[in-house]
Structure formats: C-alpha cells, structure tokens
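Everything on this sheet refers to the single structure shown next.
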Amino acid sequence: MLSSYTHPCAACKARRRTCTPQCVFKPYFPFDQPQKFEKVDEVFGAKNVAKIISELEVHFREDAVNSLVYEAETWLRNPVYGCDGIISDLLAKLKKAETDLHNANKKLAPYIGLKAMMPVSKSQPVMPQQQQLVNMPSVVNVNPQQHGGEFSRMGLVIREQPSEHQHHQQQQQDQLLAAMKSVRDPMKAARDQLLVPSIQTTQQQQAAPPEAHTN
C-alpha cells in the first residue's frame with residue numbers, strides 16, 4: 447500500500463535528503479518503518495536497492511522490496527550462510543520427510559494391497575498382468591470355514607492353521623462317514639438281491655404269450 451506523501455520516506459530521512467514525489471523509496475519505505483530501510487541499506491546498500499526498484503515494473507516492485515527485506519533480515523541473523531542456510535535446512539527436513547514416508551509405505555505395503563506396491567511410471571506401459579493385479583479388490587470377504595481356512599483381506603491371502611480341536615472334529619466326522627458307509631453298503635446289497643428276482647419275474651410274465659381260453 448502506498449504511503450502518504452506528507453512525510454519524507456525512511457530512506458530519505460536516514461540519508462538526510464529531500465524526499466521528492468519521484469522518490470523510488472517512498473512508496474515502499476514509509477517514514478514510520480525506519481528499521482525496514484536500515485536492514486536493506488546495511489546488507490545491499492541504498493544505491494543497489496534503488497537500482498533494483500527502478501529496473502522493475504511497478505506491479506513487481508512491492509514484492510521485490512519485501513523479498514529484499516526478508517533476505518536482509520536473514521543475512522543479519524546468519525551472516526555466514528544467510529538464506530542458503532535456511533534453504534539447506536528446509537531441504538534436509540524435506541529429505542527426512544521423504545525418507546520417513548518411504549519407510550512408512552514399505553511397512554504399510556502388506557496392508558494396503560498390491561496397488562501401492564507396484565508404482566507405474568507414466569513412461570512405462572502397463573502390462574495386462576499388472577493391470578489385472580492392480581484392479582484386484584483390496585478387500586475380499588471370504589468365509590475361512592467354507593474355503594479351507596483361506597481368506598483374503600486387503601490384498602493378502604492368509605491360510606489359517608487348523609487347531610487341534612478342529613483336527614479332532616474332522617477325525618470324528620471322517621469316522622462317522624465311514625461307519626455310515628459300512629452300514630449303507632450291506633443294506634444296498636441286500637435290497638438289490640431282493641429286487642432283482644422280482645424284477646426278472648415281472649419281465650418274464652410280461653414276455654410270456656397269453657393262454658388261449660377254452661369254451
């Protein structure tokens with residue numbers, strides 16, 4: 447926001463010069479903010495700041511001045527590295543965040559399905575087998591008792607180990623089926639022996655010619 451022209455700007459006041467309406471400092475260094483100009487003057491020099499402002503278009507000047515003030519404050523706080531120190535610190539934090547994210551994805555990969563484990567680059571074509579795996583549902587509701595103890599949850603297929611109690615129940619069921627079969631087979635054989643002669647007699651009677659009736 448442009449300051450009032452009734453007072454000299456902070457730059458002209460600090461340099462003890464007459465502030466004219468054409469002063470390049472006046473819109474950006476108001477008289478009530480002298481520290482703002484003192485910082486950029488100490489780091490960059492008033493002539494360099496005036497040259498930078500004059501060479502820019504009007505709508506870029508305010509952002510440029512704010513950037514110069516921020517950089518000057520940074521150099522005053524850290525005369526050795528200045529803004530480079532802040533940039534290096536931010537890059538180190540970004541690198542650490544990326545590493546932590548990568549490690550977290552590796553730990554979560556078994557739980558979030560095959561899609562997260564198979565990143566596809568834009569420059570690499572997707573194979574049909576990969577597309578089929580990617581399109582697999584992440585959660586499949588399967589009853590372990592109906593499918594041999596296998597169930598799929600979030601892309602993982604886990605086979606449940608049968609417990610000792612389940613194994614004992616299975617043995618009892620097998621023994622019961624064997625006993626039922628041993629009883630059923632003799633009964634079926636006896637029934638067949640009874641039915642076959644009667645079926646043969648009926649077939650013979652149907653095949654025999656009818657007897658002639660005598661008057």
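At position 82 of the sequence shown (counting the first as 1) the number is 528 in the numbering used here, and the numbers step up by one without a gap.
The beta carbon of each residue, even a glycine, is placed where N, CA and C say it ideally should be.
_Taking the straight line between their C-alpha atoms, what separation do you get for D478 and Y527?_
Translated into the one-based positions of the sequence shown, residue 478 becomes position 32. Translated into the one-based positions of the sequence shown, residue 527 becomes position 81. Using only the alpha carbons, I get a separation of about 30 Å.
*Taking C-beta to C-beta, are E508 and K485 nearer than 7 Å?*
Locating residue 508 in the sequence shown gives position 62, counting from the first residue. Locating residue 485 in the sequence shown gives position 39, counting from the first residue. No, the Cβ-Cβ distance between E508 and K485 is not below 7 Å.
*So which of I558, Y516, F506 has the shortest CA-CA distance to Q481?*
The residue you call residue 481 lines up with position 35 of the sequence shown. Of I558, Y516, F506, the residue nearest in Cα terms is Y516.
*With a threshold of 16 other CB atoms inside 10 Å of the CB of D487, please say whether the residue is buried or exposed.*
Taking the first residue of the sequence shown as 1, we reach residue 487 at position 41. Buried is the call here.
*Please state whether DSSP places H548 in a helix, a strand or coil.*
Within the sequence shown, residue 548 is the residue found at index 102, counting from 1. Residue state, collapsed to three classes: helix.
*Quick one: using the 10 Å Cβ neighbour count with 16 as the cut-off for buried, is V504 buried or exposed?*
Here the question's residue 504 lines up with position 58 in the sequence shown. Exposed.
*Determine the closest residue to V511 out of K539, R461, G491, with distance taken between C-alpha atoms.*
Locating residue 511 in the sequence shown gives position 65, counting from the first residue. Taking only the C-alpha atoms, the option nearest V511 is G491.
*Among Y474, L522, P525, V489, which one has its Cα closest to the Cα of I499?*
The residue labelled residue 499 in the question sits at position 53 within the sequence shown. The option with the nearest alpha carbon to I499 is Y474.
_Taking the beta carbon of G595 as the centre, do at least 16 other beta carbons fall within 10 Å, making it buried, or is it exposed?_
As a first step, residue 595 is located in the sequence shown; it is residue number 149 there, counting from the start. Unreliable placement is indicated for G595, whose pLDDT of 47 sits below 50; no coordinate value is reported for it.
*asked:* Between the alpha carbons of A460 and F483, how many angstroms are there, rounded?
replied: Mapped onto the sequence shown, residue 460 falls at position 14. Mapped onto the sequence shown, residue 483 falls at position 37. When rounded, the distance between both Cα atoms is 8 Å.
*Put T520 into one of helix, strand or coil per three-state DSSP.*
Reading the sequence shown from its first residue, position 74 is the one you call residue 520. T520 falls in the helix class under three-state DSSP.
*Excluding the 5 residues preceding and the 5 following L522 in the sequence, name in chain order all residues of the same chain whose CB lies nearer than 8 Å to its CB.*
Here the question's residue 522 lines up with position 76 in the sequence shown. Cβ neighbours of L522 beyond the five flanking positions: K485, E488, V489.
*Between T545 and P454, what straight-line distance do the alpha-carbon atoms span, to the nearest angstrom?*
Within the sequence shown, residue 545 is the residue found at index 99, counting from 1. Within the sequence shown, residue 454 is the residue found at index 8, counting from 1. Using only the alpha carbons, I get a separation of about 53 Å.
_Taking the straight line between their C-alpha atoms, what separation do you get for I533 and L554?_
As a working note, residue 533 is residue 87 in the sequence shown. As a working note, residue 554 is residue 108 in the sequence shown. Straight-line Cα distance between these residues: approximately 31 Å.
*Buried versus exposed call for A456 [16 or more other C-beta atoms within 10 Å across all chains shown]*: The residue given as residue 456 occupies position 10 in the sequence shown. Buried: at least 16 other Cβ atoms inside 10 Å.
*Inter-residue spacing [alpha-carbon to alpha-carbon] between K493 and L514*: Locating residue 493 in the sequence shown gives position 47, counting from the first residue. Locating residue 514 in the sequence shown gives position 68, counting from the first residue. When rounded, the distance between both Cα atoms is 13 Å.
*For K493, name the three-state secondary structure that DSSP assigns.*
The residue you call residue 493 lines up with position 47 of the sequence shown. It is helical.
*Starting from R461 and walking both ways along the alpha helix (DSSP H), at which residues does that stretch end?*
As a working note, residue 461 is residue 15 in the sequence shown. Run containing R461: 456-461, per the alpha helix (DSSP H) assignment.
_8 Å Cβ shell around C458 - same chain, five flanking residues per side excluded_ = Locating residue 458 in the sequence shown gives position 12, where the first residue counts as 1. Cβ neighbours of C458 beyond the five flanking positions: T464, C465, C469, F471, K472.
*Spatial distance of I558 from K542 (CA atoms)*: Here residue 558 refers to the residue found at position 112 when the sequence shown is read from its first residue. Here residue 542 refers to the residue found at position 96 when the sequence shown is read from its first residue. Each residue's Cα considered, the two are about 23 Å apart.
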